[in-house]
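Have a look at the structure below before the remarks.
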Amino acid sequence: MKFLRLKDLESLEYFKFLQLLSEFTGNKLTKEKILNTKPEKEEKVLLQNIQKTEEFLNIVNKEGYFPLTEYPDITESLKLLSIEDSILSVQDIIDIGNILFISRQIKNFLSNVEKNYLLDLYKKIGSSREVEKIINDTVDKSTNSIKDNASTDLSRIKKQIKDTEKNIISILEKILHSRQFEDIIQDKIITIRRDRFVIPVKTNFSSKLKGIIQDKSSSGQTLYIEPINIIELNNNLSNLKIEESIEIRRILKFITDLLREKYNMIKSSFEAIIELDYLYTKVKFAKKVNAVFPKISDKINLIQAKHPIFLLKEKNFNPIDLIATEKRAVIITGSNTGGKTVALKTLGLNALLLQSAIPIPVAEESEIPIFDGIYADIGDMQSIEQDLSTYSSHIINIKEILSLITDKSLLLLDELIPGTDPDEASAIGIGILHKIKEKKSFAFITTHFKKIKMFALSDDYFEVASVGFDLETLKPTYKLYYKSVGQSMAFSIAKRLGLDEEILKIAENYVENIDLNKMIEALENYRKLYEEQYYQYLKLREEFEKEKEKYKKLNEELERKKKEKWKEELKEAEEFIKNLRKEGYRIIDSLKEKELSARDLEKFIKIKKEQLKTAYPEDKNIQIEELKEGDKVKIKGKSQIGEIITIREDKANVNFGGIKIWINLDNLEKVEKEEKSKLDFKIKKDIKPIPTYINLIGKTKEEAIKELSEYIDKAVLQGISTFRIIHGYGSGILRKAVREYLDNLPFKVRYEDAPYQEGGLGVTIVYIE
Numbered sequence: 014m015k016f017l018r019l020k021d022l023e024s025l026e027y028f029k030f031l032q033l034l035s036e037f038t039g040n041k042l043t044k045e046k047i048l049n050t051k052p053e054k055e056e057k058v059l060l061q062n063i064q065k066t067e068e069f070l071n072i073v074n075k076e077g078y079f080p081l082t083e084y085p086d087i088t089e090s091l092k093l094l095s096i097e098d099s100i101l102s103v104q105d106i107i108d109i110g111n112i113l114f115i116s117r118q119i120k121n122f123l124s125n126v127e128k129n130y131l132l133d134l135y136k137k138i139g140s141s142r143e144v145e146k147i148i149n150d151t152v153d154k155s156t157n158s159i160k161d162n163a164s165t166d167l168s169r170i171k172k173q174i175k176d177t178e179k180n181i182i183s184i185l186e187k188i189l190h191s192r193q194f195e196d197i198i199q200d201k202i203i204t205i206r207r208d209r210f211v212i213p214v215k216t217n218f219s220s221k222l223k224g225i226i227q228d229k230s231s232s233g234q235t236l237y238i239e240p241i242n243i244i245e246l247n248n249n250l251s252n253l254k255i256e257e258s259i260e261i262r263r264i265l266k267f268i269t270d271l272l273r274e275k276y277n278m279i280k281s282s283f284e285a286i287i288e289l290d291y292l293y294t295k296v297k298f299a300k301k302v303n304a305v306f307p308k309i310s311d312k313i314n315l316i317q318a319k320h321p322i323f324l325l326k327e328k329n330f331n332p333i334d335l336i337a338t339e340k341r342a343v344i345i346t347g348s349n350t351g352g353k354t355v356a357l358k359t360l361g362l363n364a365l366l367l368q369s370a371i372p373i374p375v376a377e378e379s380e381i382p383i384f385d386g387i388y389a390d391i392g393d394m395q396s397i398e399q400d401l402s403t404y405s406s407h408i409i410n411i412k413e414i415l416s417l418i419t420d421k422s423l424l425l426l427d428e429l430i431p432g433t434d435p436d437e438a439s440a441i442g443i444g445i446l447h448k449i450k451e452k453k454s455f456a457f458i459t460t461h462f463k464k465i466k467m468f469a470l471s472d473d474y475f476e477v478a479s480v481g482f483d484l485e486t487l488k489p490t491y492k493l494y495y496k497s498v499g500q501s502m503a504f505s506i507a508k509r510l511g512l513d514e515e516i517l518k519i520a521e522n523y524v525e526n527i528d529l530n531k532m533i534e535a536l537e538n539y540r541k542l543y544e545e546q547y548y549q550y551l552k553l554r555e556e557f558e559k560e561k562e563k564y565k566k567l568n569e570e571l572e573r574k575k576k577e578k579w580k581e582e583l584k585e586a587e588e589f590i591k592n593l594r595k596e597g598y599r600i601i602d603s604l605k606e607k608e609l610s611a612r613d614l615e616k617f618i619k620i621k622k623e624q625l626k627t628a629y630p631e632d633k634n635i636q637i638e639e640l641k642e643g644d645k646v647k648i649k650g651k652s653q654i655g656e657i658i659t660i661r662e663d664k665a666n667v668n669f670g671g672i673k674i675w676i677n678l679d680n681l682e683k684v685e686k687e688e689k690s691k692l693d694f695k696i697k698k699d700i701k702p703i704p705t706y707i708n709l710i711g712k713t714k715e716e717a718i719k720e721l722s723e724y725i726d727k728a729v730l731q732g733i734s735t736f737r738i739i740h741g742y743g744s745g746i747l748r749k750a751v752r753e754y755l756d757n758l759p760f761k762v763r764y765e766d767a768p769y770q771e772g773g774l775g776v777t778i779v780y781i782e
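The opening residue of the sequence shown carries number 14 in my numbering; numbering runs sequentially from there.
Encoded structure:
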């Protein structure tokens, strides 16, 4: 059994698509791989390829990019590298270096993403920073040459060459600008002939300058003479250049041997890069046309399918639903304007692309089987060379197809049995449909013949569908209407195109089964009415969903506003209590002669606050933590535990192991009585004293703030109330960061610049109050 026939791939424009796909990459080897792509029929292999492509597509969609654009072709370099004692050229080494760099970039990228099906490909990618560095240190990519400092010997030789050339040029310039020789010099230039420095001299004055003639101009008017006093220098220069060539060859040999040791890694990385660029090309196509991989199943259900070539050429085209679920074969009817053929080609090409592990432009919920063969009989198959008519060509092709198809094959027949008598063609066509049913193949078939339409309507293996047609534009809508039989529209099209109405009237008298046409027309009217009502239903359902969503959002907004209102009211209440506390202390100060105390007032405030809280509904999302004198607390984010001595307004005086400091209530959190501190906050004799300064010069902003935080904690524990922060002048960034940190401490501090003689703006003095 043949899986692929060249004629099927050509008629479904598979190679034309591959050519368009190859334009998504600029790399020659990837293009070749794309153009050599063939559909796969082995399900296991195909599923692996699809999974690999789909995983790569998901990675690129998530990350937003892939670190690969162009890569050099090192095929010939690898062949040369595989030969023992061979030496690579500078360009070969540069290209391999670029491959190593690309491999490293890709390796780093893929190492940070989740991968399953790409794991084997990932393992093929190698890298060597050491070899990359040697190449970069040795080769100048801008000049495509070995760097002068690639080795000590080469550096020495290059210097000697430059010095020798400088001496030669100096001598020649003196000759060129000497009055003694100004009449004999043809042009005041220094040039090179036969790898030796020379100057141009007029032919008839050549005897006036002693030296060796190295060349002669084409006109014979100029001789290129190497003056006698630079012959020895030119000889030295020639020897140095030989040494240079030998040293460069030695360096190239060294790098080549180094790369030869990495041959397998370089080769596998290069192959992986080609494969990844191949995947990346498919992904770029998928992203451009919103292509996906449909579910693999035992039915054809391609929703919103588009023709890939139409999409890439930006041709106007409506999506098609291609469905063979309840029945395996579909007979498509309708006008003869290309819509039916497009449906067949859309299905055929998309099926071929899927079996090439290329995403296809269909809706995500689509389904399609894996076929063991995709066969097509589309277009005019007349062969002048083989002396075959259209009819004969189609019969021969269909005969071959019927001998190949199985229950896992897809058969696409366009205009079943054209080119002969319609009655006989219909009979043969029905016989072919029986054979397709016997083989249980998937089939999409187009026809104009009434007898075939009637057969399809009466047989349980075949579904009928019609292609929509716009009578105004005389163009197909490309939409398929299932369980609907379409008319050929020959009379309607002829009438719209202006054919004589008398001719059409005569023609109608000769058309058989006029009643059938009328029945089909009536059916079509019912279908249109149903379709209109169905779309009205969809519109109403959409409006209902919108209203439902609108109601949901309104309800959420109502709840949000309720919470916001509660928060605002709670804030107002807290502000009221704060003002009440202030007023209470003022009253106490004015009534000191009476036996009133702060504790009595705090008790009064607490009672009033509880009464106020009951006036508002409780919000579970808001928690109020009441702190009072004697509570064990700690600073938020810190572990030291202290005890509240007294509370004044929004601050508390807290005793941390003998050290008392004022802290905003907002920065304190209550500690349960049973919770024990892991640290003893009492200052002990064995605690190592800290200096009364901290030096942050040379630290980054983050490092400085971390060290300052730790220092201040220790300073508080050891009772240091004044210390200096040495941050230096610099750009002022560190000084600003330190002061911002001090401003946000949970307890009150005061700071100032140190006196000029003690560091000035480079030192901040801090006072803990």
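Even for Gly, the Cβ is constructed at its ideal location relative to N, Cα and C.
Collapsed DSSP secondary structure at Y769 in the structure displayed: helix
Rank I182, S168, N40 and S230 by C-alpha distance to the C-alpha of E256 and give the top, closest one. S168
Element boundaries [beta strand (DSSP E), containing K645]: K645 to I648
Relative to the C-alpha of K154, which candidate in V343, I106 and E56 has its C-alpha closest? I106
Quick check: I182 and F218, are their CB atoms within less than 9 Å of each other? no
How about Q199 and T235: are their beta carbons less than 9 Å apart? yes
Would L446 and A342 be called neighbours here (beta carbons separated by less than 9 Å)? yes
Would you list the one or two residues that DSSP bridges to G224? BP columns for G224 point to P240.
Which residues share a DSSP beta bridge with I387? L423
For a test of the three-state rule: what should DSSP assign to K280, helix, strand or coil? Note: K280 maps to helix in three-state DSSP.
To the nearest angstrom, report how far apart I733 and I674 are at their CA atoms. One Cα belongs to I733, the other to I674, and the distance between them is close to 12 Å.
Put E569 into one of helix, strand or coil per three-state DSSP. helix
Would you verify that the beta carbon of G233 is, or is not, closer than 9 Å to some beta carbon of chain C? In summary, chain C is missing from the structure at hand, where a single protein chain is found.
Out of curiosity, what's the CA-to-CA distance linking D176 and I87? 38 Å
Backbone CA spacing between E68 and T294 [nearest angstrom]: Looking at the two C-alpha atoms, the distance is approximately 14 Å.
Can you give the Cα-Cα distance for N708 and T165, rounded to whole angstroms? Cα to Cα, the separation comes out at about 46 Å.
Ordered along the chain, which non-local residues of its own chain (more than five positions away) have a Cβ less than 7 Å from that of F28? L22
Suppose you measure from the CA of L271 to the CA of K136; what does that come to, to the nearest Å? 22 Å
Would you be able to state if there are at least three C-beta pairs under 8 Å between the stretch 178-192 and the stretch 127-144? no
Would you mind reading off the limits of the beta strand (DSSP E) that contains L335? Run containing L335: I333 to A337, per the beta strand (DSSP E) assignment.
Opening and closing residue of the beta strand (DSSP E) in which G655 lies: For G655, the enclosing beta strand (DSSP E) covers residues I654 to R661.
In the DSSP assignment, find the alpha helix (DSSP H) that holds E186 and state where it starts and stops. T165 to L189
Pick from P213, D385 and F194: whose alpha carbon is nearest that of I203? Proximity to I203 across P213, D385 and F194 peaks at P213, based on C-alpha coordinates.
Which residues mark the beginning and the end of the alpha helix (DSSP H) in which T43 is found? That run of the alpha helix (DSSP H) goes K41 to L48.
Collapsed DSSP secondary structure at Y706 in the structure displayed: strand
Helix, strand or coil for A342? Go by DSSP, reduced to three states. strand
Taking contact to mean 3 or more Cβ pairs, one atom from each stretch, closer than 8 Å, check whether the stretch 54-74 and the stretch 314-329 are in contact. no
Pull up the CB-CB distance for Y706 and R737, whole angstroms please, since I reckon it's below 8 Å. 4 Å
Going by beta carbon distance, what residues of the same chain come within less than 6 Å of F79, once the five residues before and after it are set aside? Contacts found: V73 and Y293.
For I784, which residues in the same chain have their Cβ closer than 7 Å to its Cβ, ignoring the five residues on either side in sequence? Limits of the chain in this structure are 14 at one end and 782 at the other, which puts residue 784 out of reach.
Does Y494 come out as helix, strand or coil in the three-state DSSP assignment? strand
Please report the straight-line C-alpha distance between G481 and F468, rounded to a whole angstrom. 21 Å
For E753, the nearest candidate out of E715, D726, E782 and G743 (CA to CA): Nearest C-alpha to E753: E715.
Write down the C-beta distance between E682 and K649 rounded to the nearest angstrom, noting that I regard them as a contact closer than 8 Å. The C-beta separation of E682 from K649 comes to about 5 Å, placing the pair in contact by the 8 Å criterion.
F455 beta carbon less than 9 Å from that of L423: Cβ atoms of L423 and F455: closer than 9 Å.
Considering only their Cβ atoms, is the gap separating A389 from L426 smaller than 9 Å? yes
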